[in-house]
Structure formats: C-alpha cells, structure tokens
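Enquirer: Handing you a structure now.
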Amino acid sequence: MSLPQPLTAFEKIWRDHVIAPLAGDTALLQIDRLVLHELSGSQAVRALAEAGRAPDSRAQIFTIIEHLISTRPGRGPLDSVSVSGPAMIGGTREASRRWGFHFIDYDDPRQGIAHVVALEEAIALPGSTYVCCDSHTSTVGAIGALAWGIGASEAEHVLATQTLVQSRPRTMRVDFQGPLPAGVHAKDMILALIGRIGAAGGIGYAAEFAGEAVRQLSIEGRATLCNMAIEFQAKYGFVAPDTTTLDYLHGRTHAPRGVDWDAAAAYWLSLAGDLGARYDHEVSIDCSQLRPQITWGTSPEQVIAIDGRVPDPSIQPDAESRLEAARALDYMQLSPGMALVGLPIDVAYIGSCTNARLSDLRAAAAVLKGRRVREGLQAVCVPGSTPVKRAAEAEGLDRIFIDAGFEWHESACGFCGHIGDDRFKGLRTISTTNRNFKGRQGPGTRTHLASPVTVAASAIAGCITEAPAGGA
Amino acid sequence: MEQFVEVTGRAAPLMQINIDTDQIIPARYLGGTDAKGYGVHLFANWRFLPDGRPDPAFILNRPPYDSAQILLADRNFGCGSSRERAPKALREFGFRAVIAPSFGGIFFNNCFRNGIVPVSLPIGQVRAIVEIVEASAGQAPITVSLETCEVRLADGRSFGYEVPETLRQMLLAGVDEIDLTKSRQAEIDAFRERDRVRRPWIYIGPAAAS
Numbered sequence: 067m068s069l070p071q072p073l074t075a076f077e078k079i080w081r082d083h084v085i086a087p088l089a090g091d092t093a094l095l096q097i098d099r100l101v102l103h104e105l106s107g108s109q110a111v112r113a114l115a116e117a118g119r120a121p122d123s124r125a126q127i128f129t130i131i132e133h134l135i136s137t138r139p140g141r142g143p144l145d146s147v148s149v150s151g152p153a154m155i156g157g158t159r160e161a162s163r164r165w166g167f168h169f170i171d172y173d174d175p176r177q178g179i180a181h182v183v184a185l186e187e188a189i190a191l192p193g194s195t196y197v198c199c200d201s202h203t204s205t206v207g208a209i210g211a212l213a214w215g216i217g218a219s220e221a222e223h224v225l226a227t228q229t230l231v232q233s234r235p236r237t238m239r240v241d242f243q244g245p246l247p248a249g250v251h252a253k254d255m256i257l258a259l260i261g262r263i264g265a266a267g268g269i270g271y272a273a274e275f276a277g278e279a280v281r282q283l284s285i286e287g288r289a290t291l292c293n294m295a296i297e298f299q300a301k302y303g304f305v306a307p308d309t310t311t312l313d314y315l316h317g318r319t320h321a322p323r324g325v326d327w328d329a330a331a332a333y334w335l336s337l338a339g340d341l342g343a344r345y346d347h348e349v350s351i352d353c354s355q356l357r358p359q360i361t362w363g364t365s366p367e368q369v370i371a372i373d374g375r376v377p378d379p380s381i382q383p384d385a386e387s388r389l390e391a392a393r394a395l396d397y398m399q400l401s402p403g404m405a406l407v408g409l410p411i412d413v414a415y416i417g418s419c420t421n422a423r424l425s426d427l428r429a430a431a432a433v434l435k436g437r438r439v440r441e442g443l444q445a446v447c448v449p450g451s452t453p454v455k456r457a458a459e460a461e462g463l464d465r466i467f468i469d470a471g472f473e474w475h476e477s478a479c480g481f482c483g484h485i486g487d488d489r490f491k492g493l494r495t496i497s498t499t500n501r502n503f504k505g506r507q508g509p510g511t512r513t514h515l516a517s518p519v520t521v522a523a524s525a526i527a528g529c530i531t532e533a534p535a536g537g538a
Numbered sequence: 404m405e406q407f408v409e410v411t412g413r414a415a416p417l418m419q420i421n422i423d424t425d426q427i428i429p430a431r432y433l434g435g436t437d438a439k440g441y442g443v444h445l446f447a448n449w450r451f452l453p454d455g456r457p458d459p460a461f462i463l464n465r466p467p468y469d470s471a472q473i474l475l476a477d478r479n480f481g482c483g484s485s486r487e488r489a490p491k492a493l494r495e496f497g498f499r500a501v502i503a504p505s506f507g508g509i510f511f512n513n514c515f516r517n518g519i520v521p522v523s524l525p526i527g528q529v530r531a532i533v534e535i536v537e538a539s540a541g542q543a544p545i546t547v548s549l550e551t552c553e554v555r556l557a558d559g560r561s562f563g564y565e566v567p568e569t570l571r572q573m574l575l576a577g578v579d580e581i582d583l584t585k586s587r588q589a590e591i592d593a594f595r596e597r598d599r600v601r602r603p604w605i606y607i608g609p610a611a612a613s
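If you read the protein sequences in the order shown, they are chains A and W. Residue numbering for the first sequence follows my numbering, starting at 67 and increasing by one per position. Residue numbering for the second sequence follows my numbering, starting at 404 and increasing by one per position.
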C-alpha cells in the first residue's frame, strides 16, 4: 500500500467539491455560496427569470445592496449616483424577496461591501466554494474559502444549479517571510508582490498566501492580501485556516454551532497543506526589508517603495512594457526619476473592500488624531460595512476623521470605481483601493494606491508622505 | 452559448499590455438590465473624443478595421473586473475572437458565454499575425478555427492553441450550459446527499420570512 500523495490546501478544497470530472482539466463543482449585488446580480436574476427557471438552492444565496447605492449620509432606499442605480437596486430588492434569498438591504445593520460582510457574517466559511459577480471576491479567501469572481452568465448557472463548470487552476504558494517591520502593512505586502511578479504573474493560478508574516496577520489583514490576488490575475487567493481563523469565526451569524462547530473546526484545520505538498510555482518575499509601497502608474504592478523614484520606461524588459510605462507616465503626469514624496494631491480616499475594515480605520485615525487635512484637499472615508461604521463610531473614530476634515459616509463600494459621480474628475488621488486603472475613479482621475496610514499621512501633508512608523 | 466553429475575417491590432475591463467598457456604462446596448460603448474612452465624436486616430474607427472580427492584443487582455459587459461589448461590435498571449481569468471564462473565443498564442506568433495584417493594410483574412484549434493565415502558416476542452465542446455545439448541467442532476443529488453528512454546516436554512 502506498502512502497518500501529500496535497495542498487548494487541492483538498477542490477535491471536496468535484461533483463530476469533465473533459480536460475541467470539473463540475459544487458551489456552497453565491452572493449577488445590485449591479451584476440583478442581471443574472433577470436572465434566470426570462429563461423560465428558478433558483436551485435559495438558502445558499445572499444578496447585498452595496455596489450602486449612494454613500451619502441619510441616503434613501434607491439613492444612487448611477443613472441606472435605482432600477437595479429596486430590481434586486424585489427579486430577493420574491425568491427568498438571504437579503441584506441598504438600511440593514449588517449591510456593507459584500466581501466585508461575508467575513463579518461568516457567509464565507473555510473550505467552502464561494462566488460573487465581482473580481475582488477572493477577499474572503482570508478565512480559507476558495472564493472567486464570476460573470453574470456564470452566476445565472449557479442560480439555476448551485454548480459551476470550472477549469482547475495551477497552484502557487507565496511565502511572505517575516516579521513585518513597524509601519508596514498588508497593503504594502501585496503591492510589493504585484510589483515583483507583475499584473499577469498569476494567470491560471490559485494563490495561497503563507509564511510567518501572513500567520501574524489578523483576518482583516489577510483579507487585504487576498483582495488583490486578482490584481496579479490569480482568480483565487487564500490563506489556509488556522487558529486565528477559528477565533475569528466562532459565534458569527452563519458559523456552525455546538457539535457542528467542533466537526467543522476539525475539518477546516485538516485543510492545511500536507507536509511535502508540491506547488506548481513558489514565490518568496522577504518582509523584513519591506518599505511602505505606492503606485506611480496605471496598473498595480507599477509600484515603488514610497521613498523611491519613478522608474525610467527604458528599464522595462520589452518594447510593449516600455510603451505602456510611457503611456502611464503621460496619464499620471509624472516624469522618470521623480520622487513621489512631496507630490501634491487633491483627494485622499479611505474606502473599499481592500482597506476599510475597523483595523484600517483605527490605523488611519491614529495618524489623523488631533490633526487637520491640508486646506483645499478633499478627504473622504467610506467604511467597509455598516458594522465597521458603527464600531468606529462607538470608539470615537468618526470624530477623529471628521475633526481632521474627512467626510464620513455610509458604507458601500463608493468611490472605488467611477459609476457616474465626476467629483474626482482630473484630480490626483491617493487611495486605499485596489485599482489605479485609467479612469477607474473618474475621468482623468490619477490614482495612487497605498495603505490607510500612507493615505492619512498624505492627507494631512497635502502631498504624498510616509506615515511615521507605528502610526501616530 | 452562441455556436462557434470557425470564423474568417479581418483582424485589428491593438497591441497594448494589460488592457483592462475599465478600458474595454468603462464602469459608467454598466448599468441597466438590458441584455444589449453595450457595443456602442466599447473602448469608449479611446474611441471617442471629449465632445463625443469618434476619434479618427483610434484604429476601430478606421476602415477596414471598423469591421474586424478578430482583435489582436498583448498580454493580460481583459484584466480587471468581472463585468460581463466587456465581452458583450466586443461581441456586439462584431468581434468573434481575441488573440493575445494571455487573458484575465474571469474575462476568459466570460468570453465563452458570449460567443467569443479567447485565443492564447505566444507573443511572437501574435506579432507575426500583426505583421501580416499591417502589410495588407488590414485586408489579410485571418481564420480562427475552434474545430481544429488553430489560427490560419493566408500565407499558409497556422498556429495551434489550446482552450479548455469542455468549454470548446460547448461552444462547438452551441449548447445551453444550464441544460447540460441539469442533465447531470442525478450525480449532483448523489454528491449533495453525501456532502450533507460530511459538511452539514454548509446547508443552512432559508432566510427568515420578514
């Protein structure tokens, strides 16, 4: 009898969801959770109804109003800066009630950005398959779920069958060797990784984040890491479940209880990769030397240490990369060799599924406390969820933000993507979000991605600035 | 799925890396529950001048490229968001295939459900196609066959490529993917019967009536 082959966490989770192997490397997979929002979700639900079909497993489907709903304080049930927002919000609300999905409306105390809520409510569980019509769905890989973004047609397929036809990705292990220096955060880790392997470096892979620096991160920090897996094109990013995961999940709304909890916890811990398990690709990052990171271009791979200089396009390895770097510099209105520190900014934005959880707001508030943002600068905070907002208010963080000159909004996807509000048009923005694509936050908006402490420190200085190590 | 067996047509080179879905169709055009109406917004920020007129310098505004059925691009085409409006906009404009060294993974999957074949070829081969297209001022016919999984050029050269076999078969037959899955309902039910015992915590109750 031969010993069983050692498996990675990914391989175990995949194995446990294969209903039927199909041709090639494809399988029909069981999908444990589908989360819909009012943008793509309403399209999938409508298509399902038009085809005369009904949801297969409605108890495993959640809808959350978060993509198009306004973040304006005092918002109403259909408020949106998107012209089609009211129809899509209304349609999602109506369909959710008609089909009996678990529904979290705009004014529900559990409301927030889907990927933030999914962790808080334990909609996502370790070892589960979890899909949502949003590329940042991998965020919930923080608790060891196999989570990925899908299109509206795939969502319609899940609605109708609670399964998906998927090609099996290859496995990648990213070893973040620790410890992490003071003043360096999960956002800096993931930006540094993307800078190293490139925006296409993860195509076809499921990325497992591991190593001492990851083990030391809270679930919230792990969520920031997993959030940006898609920014290097790993559709899946996750951290294998450990005791931090169990401590986080215990007692949350949809986490199992009693004997179910005991069985689940044992199963979840068994999903960690076996000793000797082999990955198709391994990358290691020495975090002990890591500096805070900031992007200079229009792809997350165009990133440098905050005290670095904008690279010359001529150092790029191929002609297209050189042209792309030159186009990015032109759009960003920067020149090779420039320092980013000291570059004036117009907008500071703290929000999104990347970096607007309670620990992010605490870190930013520690920098902002007792200070004021630079005169004339627009500073906006959109908490990642309503529970985050309430918790922040309970400990007085909202006062710190407001006294510093930040706007304090209701929770939603907000200004991470441009859905119709032109207030950041043509402006230079420093942002805790995940994408610096051309036009992502508005027409001509030039976005620099950074961690919450870097954004907070820069808001005060009115220009790109490194936060003092340790926060305040 | 819209059937795809083989397409022969003109190709348009748009040789940039990391063309993201915000460029393919900006987020402000994603609203609405209509199934169509996205082709007019394809590459909106590149195709149109600030006053709304087509930019004559942009390749898809120039004949013969404005009637191209095949798009040529550099690596990581379709990176970014999961928006299915991206392949929808390409399809409505008239494209049936995109040839690039690599694709964003979610976009790649979405293509098959919208009648578009994403063809991955090494950059050298993509450039060879671009050369033929440019040398003929865009007139050279390019054939993308899903039946034989090859791209054929007028000079007799052909380049093989791979796509997931299951998706290939679905596209060749133009099947309804949901119907196909439902034909396996007995296997699905058997899986869930075992799974409910093994992982009961996954099978939670329905939402409480409000």
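All residues carry an ideal CB built from backbone N, CA and C; glycine is no exception. All of these numbers come straight from a predicted model, not from anything done at the bench.
Let me know the secondary structure DSSP gives residue 475/W once reduced to three states.
Expert: Taking the second sequence and counting its residues from 1, the one referred to as residue 475/W is at position 72. If DSSP states are grouped into helix, strand and coil, residue 475/W belongs with the strands.
Enquirer: By the criterion of Cβ-Cβ separation under 7 Å, what are the contact partners of residue 433/W in chain A?
Expert: Position 30 of the second sequence, counted from the start, is the residue given in the question as residue 433/W. Per Cβ cutoff of 7 Å: 105.
Enquirer: Could you tell me which chain W residues have their CB closer than 8 Å to the CB of residue 503/A, listed as they occur along the chain?
Expert: As a position in the first sequence, residue 503/A is number 437, starting the count at 1. Per Cβ cutoff of 8 Å: 423, 425, 426 and 483.
Enquirer: Within 10 angstroms of the Cβ of residue 316/A, are there 16 or more other Cβ atoms? Answer buried if so, exposed if not.
Expert: Within the first sequence, numbered from 1, the residue matching residue 316/A stands at position 250. With fewer than 16 other Cβ atoms within 10 Å, it is exposed.
Enquirer: Determine the DSSP secondary structure at residue 199/A, reduced to helix, strand or coil.
Expert: One-based indexing of the first sequence puts residue 199/A at position 133. DSSP places residue 199/A in coil when its eight states are reduced to three.
Enquirer: Of all the options 499/W, 585/W, 489/W and 525/W, which has the alpha carbon lying nearest to the alpha carbon of residue 510/W?
Expert: Start at 1 with the first residue of the second sequence, and residue 510/W comes out as number 107. The residue with the shortest Cα to Cα distance from residue 510/W is 489/W.
Enquirer: Output needed for residue 180/A: all residues of its chain with C-beta closer than 7 Å, excluding positions within five of it in sequence on either side, in chain order.
Expert: To locate residue 180/A, count along the first sequence from 1; it is residue 114. Counting only Cβ-Cβ distances below 7 Å, and skipping sequence neighbours, we find 101, 103, 130, 132, 198 and 200.
Enquirer: Mind checking whether residue 497/A and residue 520/A have CB atoms under 8 Å apart?
Expert: As a working note, residue 497/A is residue 431 in the first sequence. As a working note, residue 520/A is residue 454 in the first sequence. Result no, Cβ atoms of residue 497/A and residue 520/A do not sit closer than 8 Å.
Enquirer: Would you say residue 499/W reaches chain A, if we count a Cβ-Cβ gap shorter than 8 Å as a contact?
Expert: Numbered from its first residue, the second sequence carries residue 499/W at position 96. With 8 Å as the cut-off, residue 499/W does not count as an interface residue toward chain A.
Enquirer: By a C-beta neighbour count over all protein chains shown, 10 Å radius and 16 as the cutoff for buried, is residue 606/W buried or exposed?
Expert: For this step, residue 606/W is matched to residue 203 along the second sequence. Residue 606/W is exposed by the Cβ-count criterion.
Enquirer: Looking only at DSSP bridge pairs, what is residue 419/A linked to?
Expert: Indexing the first sequence from 1 puts residue 419/A at position 353. Per DSSP, none; premise fails for residue 419/A.
Enquirer: Under 8 Å by Cβ, that's how I've got residue 430/A and residue 300/A pegged, so tell me the actual separation to the nearest angstrom.
Expert: Here the question's residue 430/A lines up with position 364 in the first sequence. Here the question's residue 300/A lines up with position 234 in the first sequence. Not confirmed; about 28 Å, so no contact.
Enquirer: To the nearest angstrom, how far is the alpha carbon of residue 262/A from that of residue 479/W?
Expert: As a working mapping, residue 262/A is identified with position 196 in the first sequence. As a working mapping, residue 479/W is identified with position 76 in the second sequence. One C-alpha to the other measures close to 16 Å.
Enquirer: Pull up the distance between the alpha-carbon of residue 376/A and that of residue 418/A, whole angstroms please.
Expert: The count along the first sequence starts at 1 and reaches residue 376/A at position 310. The count along the first sequence starts at 1 and reaches residue 418/A at position 352. Cα-Cα distance, rounded: 26 Å.
Enquirer: Counting only beta-carbon atoms, is residue 439/W nearer than 8 Å to chain A?
Expert: Here residue 439/W refers to the residue found at position 36 of the second sequence. Closer than 8 Å: no.
Enquirer: Compare the C-alpha of residue 465/A against each of 256/A, 488/A and 438/A and name the closest.
Expert: Looking up residue 465/A in the first sequence gives position 399. With respect to the C-alpha of residue 465/A, the residue from 256/A, 488/A and 438/A having the closest C-alpha is 438/A.
Enquirer: On the CB-based measure, 16 or more other CB atoms within 10 Å of its CB, does residue 501/A come out buried or exposed?
Expert: The sequence position of residue 501/A within the first sequence is 435, counting from 1. By the neighbour-count rule (16 or more Cβ atoms within 10 Å), residue 501/A is buried.
Enquirer: Can you tell me whether residue 449/W is helix, strand or coil according to DSSP?
Expert: Residue numbering aside, residue 449/W sits at position 46 when the second sequence is read from its first letter. Helix at residue 449/W.
Enquirer: I'd like to know if residue 537/A contacts chain W, where contact means its C-beta is closer than 8 Å to some C-beta of that chain.
Expert: To locate residue 537/A, count along the first sequence from 1; it is residue 471. Low confidence applies to residue 537/A: its pLDDT is 45, below 50, so where it sits in the model is not reliable, and the reading given next is rough at best. Proximity of residue 537/A to chain W, defined by a Cβ-Cβ separation below 8 Å, is not satisfied.
Enquirer: Express the C-alpha separation of residue 523/W and residue 409/W in angstroms, rounding to a whole number.
Expert: The residue labelled residue 409/W in the question sits at position 6 within the second sequence. The residue labelled residue 523/W in the question sits at position 120 within the second sequence. Looking at the backbone, the Cα of residue 409/W and that of residue 523/W are separated by about 16 Å.
Enquirer: When you check each C-beta in the region 199-219 of chain A against every C-beta of chain B, which residues fall closer than 9 Å?
Expert: Among the protein chains of the structure shown, namely A and W, there is no chain B.
Enquirer: Would you call the region 215-233 of chain A and the region 106-113 of chain A touching, i.e. three or more CB-CB distances under 8 Å?
Expert: yes
Enquirer: Below 8 Å, can you find three or more Cβ-Cβ pairs linking the region 300-311 of chain A to the region 204-212 of chain A?
Expert: yes
Enquirer: Taking Cβ positions, are residue 182/A and residue 580/W nearer each other than 8 Å?
Expert: By one-based count along the first sequence, residue 182/A stands at place 116. By one-based count along the second sequence, residue 580/W stands at place 177. No, Cβ-Cβ distance for residue 182/A and residue 580/W is not below 8 Å.
Enquirer: For chain A, find out if any of its Cβ atoms is closer than 8 Å to the Cβ of residue 464/W; answer yes or no.
Expert: Taking the second sequence and counting its residues from 1, one reaches residue 464/W at position 61. Output row for residue 464/W: interface = no.
Enquirer: What number of angstroms, rounded off, separates the C-alpha of residue 84/A from the C-alpha of residue 78/A?
Expert: Your numbering for residue 84/A matches position 18 in the first sequence. Your numbering for residue 78/A matches position 12 in the first sequence. Answer to the nearest angstrom: the Cα atoms are 10 Å apart.
Enquirer: For a cutoff of 8 Å on Cβ pairs, would you count residue 301/A as touching chain W?
Expert: For this step, residue 301/A is matched to residue 235 along the first sequence. At a cut-off of 8 Å between beta carbons, residue 301/A contacts chain W.
Enquirer: What whole-angstrom Cβ distance do residue 544/A and residue 425/W have, given they're in contact under 8 Å?
Expert: An answer regarding residue 544/A cannot be provided, because it is not within the stretch 67 to 538 covered by chain A.
Enquirer: Apart from the five residues just before and just after residue 97/A, which ones in its own chain have a Cβ nearer than 7 Å to its Cβ?
Expert: By one-based count along the first sequence, residue 97/A stands at place 31. Counting only Cβ-Cβ distances below 7 Å, and skipping sequence neighbours, we find 195, 197, 224, 228, 229 and 230.
Enquirer: Looking at chain A, which residues of the region 577-598 of chain W have a Cβ within less than 9 Å of any of its Cβ atoms?
Expert: 579, 580, 581, 583, 584, 585, 587, 588, 590, 591, 593, 594, 595 and 598
Enquirer: When the distance is taken between beta carbons, is residue 236/A closer than 8 Å to residue 80/A?
Expert: Taking the first sequence and counting its residues from 1, one reaches residue 80/A at position 14. Taking the first sequence and counting its residues from 1, one reaches residue 236/A at position 170. Not in contact: residue 80/A and residue 236/A (Cβ atoms no closer than 8 Å).
Enquirer: Okay, do the region 529-538 of chain W and the region 501-518 of chain W touch, 3+ Cβ pairs below 8 Å being the bar?
Expert: yes
Enquirer: Does DSSP put residue 271/A in a helix, in a strand, or in coil?
Expert: Translated into positions along the first sequence, residue 271/A becomes position 205. In this structure, residue 271/A counts as strand in the three-state DSSP scheme.
Enquirer: In chain W, which residues lie less than 9 Å from residue 386/A when you measure between Cβ atoms?
Expert: For the purposes of this step, residue 386/A is taken as residue 320 along the first sequence, with counting starting at 1. Chain W residues near residue 386/A: 418, 419, 420, 477, 478 and 526.
Enquirer: Mind listing the chain A neighbours of residue 572/W? Cutoff is C-beta to C-beta under 7 Å, in chain order.
Expert: In the second sequence, the residue the question calls residue 572/W occupies position 169. Result: 89.
Enquirer: Is residue 483/A near residue 430/W, with beta carbons less than 8 Å apart?
Expert: Stepping through the first sequence from its first residue, residue 483/A is reached at position 417. Stepping through the second sequence from its first residue, residue 430/W is reached at position 27. A contact, by the Cβ cut-off of 8 Å.
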